[in-house]
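Below is one structure; the comments refer to it alone.
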Amino acid sequence: MDRDFSLSFGGEAGAGAGAGAGAPCNRFHVRLVDEPPEYEPPPPAGGEDGVGQFQRFEATLQNRGDSLRADGLCHSSDSFSSSYLKTFGHNTVDRVPRIDFYRNTGSLSGVKVNRPSLADLHEDLKRDILPVPGAVDGVANGDGAVDTGGKPSENKDELIRFGWIKGVLVRCMLNIWGVMLFIRLSWIVGQAGIGLGVIVICLSSVVTVVTGISMSAICTNGVVRGGGAYYLISRSLGPEFGGSIGLIFSFANAVAVAMYVVGFAETVVDILKENNVLMVDSISDIRIVGCITVVVLLGITVAGMEWETKAQVVLLIILLIGIANFFIGTVIPSTIEKRSKGFFNYQAQVFAENFGPSFRDGESFFSVFAIFFPAATGILAGANISGDLKDPQVAIPKGTMLAIFVTTLTYIAVAICIGATVVRDATGSVNDTISALTSCNGSAACKLGYDFSDCDTQMCNFGLMNNFQVMSMVSGFGPLITAGIFSATLSSALASLVSAPKIFQALCKDNIYKALYFFGKGYGKNNEPIRSYILTFVIAVAFILIAELNTIAPVISNFFLASYALINFSCFHASYSKSPGWRPAFKFYNMWVSLLGTVLCCAVMFVINWWAAVITVAIVLFLNIYVIYNKPEVNWGSSAQAMSYITALQDALSLTGVNDHIKNFRPQCIVLTGSPMSRPALLDLTLSFTKNFSLCICSQVFMGPRKQTVSDMNLSMDNYQQWLSKNRKKAFYAAVAGDNLRDGVKCLLQASGLGRMKPNTLVIGYKRDWRTDNPQDVENYVGILHDAFDFEYGLIILRISQGLDISRILQIQELQRKEQEKLALEAAQKDEQKDGKRGICSLKFLNKTVKYSTNTLAVNDQKDFKISAGHAADFNQRLLEASTQFQMNQGKGTIDVWWLFDDGGLTILIPYLLTIRKKWCDCKLRIFIGGKLDSINEEKRAMAALLGKFRIQCADIKVIGDIHMKPSKESWKMFEELIEPYQLHEGSKDPATAEILLKEHPWKITDAELERFKDKTYRQVRLNELLQENSRSANIIVVSLPIARKEAVSSYLYMAWLETLSRNLPPVIMIRGNQKNVLTFYS
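Residue numbers for the sequence shown, in the numbering used here: 294 to 1376.
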């Protein structure tokens, strides 16, 4: 059937709209409800059917290749109504498993659909009707792609995708069969012998096989997109290593283009030199031929991947013919001329002589290995175009491993054949024959009738050790070997010219290096990276013109090896992190083998060239640090994240086995901020003594109807934690839902923390509105303080005269922002109408909207966020300034500590921790203690000695000798006026009336209570007088918090104490520890 609409179950395109209710059904007969994309509950019943004003229509779902089969799990006539499907023989809103539920938004392979939410399944169905399956999220994960429906993009089938043979096998074989095979392998066999030569090849293959196994495991652990090695490493180890490798690997491939092209140009120039047709001179001709070659190769790549692949296939055929030509040549009887050059066909004497090593000119096994190994570095050629493969998960492992196997066998076969047929040294003179009767020096050539002994005393031009063109001499037709060299160099150059832009494009699209984002744009149906092609072309031409490739070649080889090392390490790290998401389909891997591969790659880097290895490591580390510093906003679920979790979990568990010690005590705080941004001063002060030092949890209690509060709480968790991270607040966010504030805080006090990382201190703001608030709320507030002491928490109360809560200001600013956006939208619409255009989706309209919005915000900045006249009464500029005072440097001042009662030392520890912070380091501690007038000096010396033992320095110690005196009449009168509205005055009433009043207002202050705690009340009033007298100019005041006995001191009397103690002062911190030591003078 034709697909007329894109609304579907499980993301499948629906059948034609004309299918009636009785139309045949492949799997489900579905009745769909036409709803808006963003589902809202329908209005109350009142339509024709009592469900809502929905337009109904019937359709039949079409069964595609990835659909679930009607295999008995679902009834053949399962139907979908306005709220449920009939599945397993009964009605349910549950959905059967579908691949489309697990896709990323904007997936190219299919449309993501949303399964019913937990609320859809859990809440009352009468009120929460299930939205139509098939609703698509609006914006993709970071790439800005927007799905327009269930219908795939029209040009999807036109994309050029390659299978494992053309896409991977051919490319890898062409890259591994390089110039080394035709030019240098004979020299390696001559130096190392057949035995060690095969070992050199096998050792190289071990490194590539292990890397290939690791790469196969990573590739089969999820969908692989474009980017090759960069994509594999970045998604495994994160953007830090991925970004650095992506950059250097792209650069290495770009320079490799120049290296391969120069190799081709040198061969062409050698031919021109032999025929005396040089254009200028050798160096200039290499540059000319090289530049022309790069231009031609660029034309092939820009024409499209299809043309490039065809060119690769042609080059592979030429290369295979050249290799076959060599093997055929080894069995063709050698001529006298070839014998004089050291070629004797297969001879046991030659094989035996060449089997052992014969290192010359300072060469060794490792130097020979270093020369050969770059030939094996082509295994990523297929992975580098992962975005152009039909199925990278299958193609990359299969094509790469088969290519390594075939090319390794080829190298070994060529090494053995050439070692069994050609001697190490030959003069090339046909006159150096000897008769059978002549005495022989024991060499294989001598036994075969040739005397090459002159090579012992002078330089010869032929043989394995002297002639790089041995394969041309041995082959059946020499020019085919030259064609093979051309094919090897051009194919490798072409592969590198494709790989570098593809990798670089993927890197730029991820926007890890923001300055490079320009090069991430793709063109055409295959998203070709034209800009990256041009950049690669410029780099290649530059290095061809520089013509100093021998110097940079070791660094480039090390860049490739660094990529291999990190691919192996990615596999090891992903396995070691034991993440449940690590489930590769390729099972033939072992994490310890991958770790061995990492070590081998690093060792080979230093074997090839130690200084190049040092440069490579330095560049990788520099780029890694750069990415860490910039913190790109990406989340790829890397193994580094999984390992961080494992490490944190193990450390937390190990802490549980260690008993707490006083020396290691640190205040671990629950901070009752509400939303983290609503009380910034409270959070900033707490972070001043916990940041990078101890635990800080911003806590919020959601009160109200459970359904709504739980929903709000779930939505806020990630948002507020992200806000904390974005604003560099080193704190966690925790929220609970409760019937009231006290119940919620009880939950927090009991359940917060993990193991030894459990809070021990409650930080709360002072309740400024206690005189006007509901009495029950005051009771709950004071109850929280009692609960903190019951659970043995230390308690810190912060009071700022202007207040702490700026949520009202935030609401006003949000309202302003919306008003500005509305004005900007209206202004842009007016301009759009003037231009005579309709709609609001044109690029010009959007640009104008941004322009107006930006201008409005700029004007707003110039006015310093002055609120409009309608909101002026609500805006408190002083409150806004006070809320940020702890974010600024405190300058030179004092922290006055009124340590009146010993609570274990928390009252003195908190201000000390403040003084070691950068913003508070210029402030001096002043200690105030209570004492007697006749022993002031003794008590001062005793306190100085105690602080000295605690190693806490202070600027001054002052003993208050008159602290026990009664307050002034004026102060006491103010206190009486403060508590007057909350007094019961039962003494002036008859007992019956007093009892009735007490039952009606149990929270009021009785005369008996006031009389009982009269001395304690005097103390709070007197302390405020002393604070006013001594600490009025302090930056902040720390004072011992008075404790109210439960069920003895009423909430309003206790609040009156706190109000009196802390009013008309700089910021005041009232602290009371849990009466357990937090300081010690023992080592």
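Don't be surprised by glycine CBs; every beta carbon is placed ideally from N, CA and C.
Keep in mind it's a predicted model, so treat the numbers as computed, not measured.
Cβ-Cβ distance between residue i and residue j below 8 Å
i, j, result
"Ile-796", "Gly-539", "yes"
"Thr-726", "Gly-742", "yes"
"Ile-1298", "Gln-1276", "yes"
"Val-1371", "Leu-1240", "no"
"Val-1003", "Val-1038", "no"
"Ile-1102", "Asn-1012", "no"
"Ile-1188", "Leu-1207", "yes"
"Val-643", "Thr-714", "yes"
"Ser-987", "Ala-935", "no"
"Val-834", "Cys-584", "yes"
"Phe-636", "Val-767", "yes"
"Lys-459", "Thr-693", "no"
"Phe-755", "Lys-634", "yes"
"Ala-1327", "Gly-1186", "yes"
"Arg-972", "Leu-1097", "yes"
"Leu-290", "Val-707", "This structure cannot settle anything about residue 290, because the visible part of the chain is limited to 294 through 1376."
"Ile-823", "Val-763", "no"
"Asn-820", "Met-598", "no"
"Thr-983", "Pro-998", "no"
"Val-461", "Gly-680", "no"
"Ser-981", "Lys-1212", "yes"
"Tyr-264", "Ile-1245", "Because the chain here runs from 294 to 1376, residue 264 falls outside it and cannot be looked at."
"Gly-777", "Gly-615", "yes"
For residue j and residue i, believed in contact at Cβ under 8 Å, the rounded distance
i, j, result
"Val-587", "Val-554", "6 Å"
"Ile-697", "Ile-678", "Not confirmed; about 18 Å, so no contact."
"Gly-488", "Phe-648", "5 Å"
"Thr-504", "Asn-861", "6 Å"
"Ala-551", "Phe-836", "4 Å"
"Ile-963", "Pro-1052", "5 Å"
"Cys-1247", "Leu-1218", "4 Å"
"Gln-484", "Glu-646", "With 8 Å as the limit, Gln-484 and Glu-646 do not qualify as a contact, their Cβ atoms being about 14 Å apart."
Limits of the unbroken beta strand (DSSP E) element including residue i
i, result
"Tyr-743", "No beta strand (DSSP E) holds Tyr-743; DSSP gives it neither H nor E."
"Ser-280", "Not covered by the structure: residue 280. The range shown for the chain is 294 to 1376."
"Ala-1028", "1025 to 1031"
"Thr-1054", "1054 to 1058"
"Ile-705", "No beta strand (DSSP E) contains Ile-705, which is instead part of the alpha helix (DSSP H) from 685 to 714."
"Ile-1222", "1216 to 1223"
"Leu-1061", "The amino acid at residue 1061 is misidentified as Leu; the sequence shows Arg. Taken as a continuous stretch (DSSP letters only), Arg-1061 belongs to no beta strand (DSSP E), as it is neither H nor E."
"Met-1363", "1361 to 1365"
"Ser-1333", "1329 to 1333"
First through last residue of the alpha helix (DSSP H) which encompasses residue i
i, result
"Tyr-922", "903 to 923"
"Arg-824", "823 to 839"
"Leu-1351", "1344 to 1355"
"Gly-490", "478 to 512"
"Trp-1016", "999 to 1019"
"Leu-809", "That residue, Leu-809, is in no alpha helix (DSSP H); it is neither H nor E in DSSP."
"Ile-955", "First-last for Ile-955: undefined, no H or E at that position."
Cβ-heavy atom distance, residue i to the ligand ATP, below 7 Å
i, result
"Phe-644", "By its list of ligands, the structure shown contains no ligand whatsoever, and the ligand ATP lies outside what it can speak to."
Could you pull out every unbroken alpha helix (DSSP H) segment of at least 4 residues lying fully inside the segment 1231 to 1298, listed in chain order?
1262 to 1272 and 1284 to 1293
At least 3 beta-carbon pairs within less than 8 Å: the segment 1104 to 1122 vs the segment 1072 to 1081
no
Touching or not, the segment 1362 to 1371 and the segment 1220 to 1233, by the rule of three or more beta carbon pairs under 8 Å?
no
Between the segment 886 to 900 and the segment 860 to 868, are three or more C-beta pairs nearer than 8 Å?
yes
Quick check: the segment 1057 to 1065 against the segment 1344 to 1357, are at least 3 beta-carbon pairs closer than 8 Å?
yes
Contiguous alpha helix (DSSP H) assignments of at least 4 residues, all confined to the segment 594 to 660
598 to 624, 629 to 633 and 641 to 648
Do the segment 604 to 613 and the segment 783 to 802 meet, that is, are 3 or more Cβ pairs less than 8 Å apart?
yes
Counting beta carbon pairs with one atom in the segment 488 to 502 and one in the segment 764 to 778, are three or more of them shorter than 8 Å?
no
Below 8 Å, can you find three or more Cβ-Cβ pairs linking the segment 908 to 926 to the segment 527 to 534?
yes
Determine contact between the segment 844 to 857 and the segment 892 to 912, defined as no fewer than three beta-carbon pairs at a distance below 8 Å.
yes
Could you give the uninterrupted runs of the alpha helix (DSSP H) lying entirely in the segment 1034 to 1109, keeping only those of 4 residues or more?
1034 to 1044 and 1068 to 1083
Please list the segments of the alpha helix (DSSP H) lying wholly inside the segment 758 to 820, counting only runs of 4 or more residues, in order along the chain.
763 to 767 and 771 to 802
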